[in-house]
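Just so you know, we're using this note's numbering here: the sequence shown kicks off at 527 and counts up by one.
Input: a single structure, listed below in structure tokens.
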Amino acid sequence: MDAPKLRELLSAYSTNDPDFQKSNWHVPDDAAIECGTVSRESLLHTYRRRLKRTGENHTLHTKTENLVAFLQDYPEEELTMVDYYTSEGEMRLFLANYECSRILFWMSMFK
């Protein structure tokens, strides 16, 4: 995937995620964008375990709970994980549908 295509997908996604919209997101022209298929069950297993290690009132706990809830409700078995680094060196990580035609979830805990 190239930067213009990711910008298009993120622009569409941002209309449904006010927190992402407010994050002042950008995709550098020279961003090395990586995409890979991931199993919903594998992610659920990982993030359910991580929930046990985060404090109840911690922001990370809430973000992880939101991810687990999304994964529990998602009807397909496979997703695509999309990541890139900003010009400032911060990682951005997203879950997209298998075809990578739509961003579904911003994994904001990795910002």
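No residue lacks a Cβ here, since even glycine has one placed at the ideal position from N, Cα and C.
Beta carbon of residue i nearer than 8 angstroms to that of residue j
| i | j | result |
| --- | --- | --- |
| Arg618 | Leu535 | no |
| Leu532 | Val564 | no |
| Tyr600 | Arg566 | yes |
| Lys589 | Met635 | yes |
Segment limits, alpha helix (DSSP H) that includes residue i
| i | result |
| --- | --- |
| Thr590 | Thr585 to Asp599 |
| Asp545 | Pro544 to Lys548 |
| Glu534 | Ala529 to Ser540 |
Alpha carbon of residue i to alpha carbon of residue j, nearest angstrom
| i | j | result |
| --- | --- | --- |
| Asn542 | Gln598 | 19 angstroms |
| Leu586 | Pro530 | 30 angstroms |
| Ala558 | Phe596 | 26 angstroms |
| Arg576 | Val594 | 10 angstroms |
| Glu614 | Gly562 | 23 angstroms |
Whole-angstrom C-beta distance between residue j and residue i, which should lie under 8 angstroms
| i | j | result |
| --- | --- | --- |
| Tyr624 | Glu604 | 5 angstroms |
Run of the beta strand (DSSP E) containing residue i, from where it starts to where it stops
| i | result |
| --- | --- |
| Tyr573 | Careful: Tyr573 lies outside any beta strand (DSSP E), inside the alpha helix (DSSP H) at Arg566 to Lys578. |
| Tyr611 | Glu604 to Tyr611 |
| Ala557 | Careful: Ala557 lies outside any beta strand (DSSP E) and carries neither H nor E. |
| Phe636 | Phe636 -> no beta strand (DSSP E), and no H or E assigned at all. |
| Arg618 | Met617 to Ala622 |
Any non-hydrogen atom of the ligand FAD closer than 7 angstroms to residue i Cβ
| i | result |
| --- | --- |
| Leu577 | Absent from the structure shown: the ligand FAD. Ligands present: none. |
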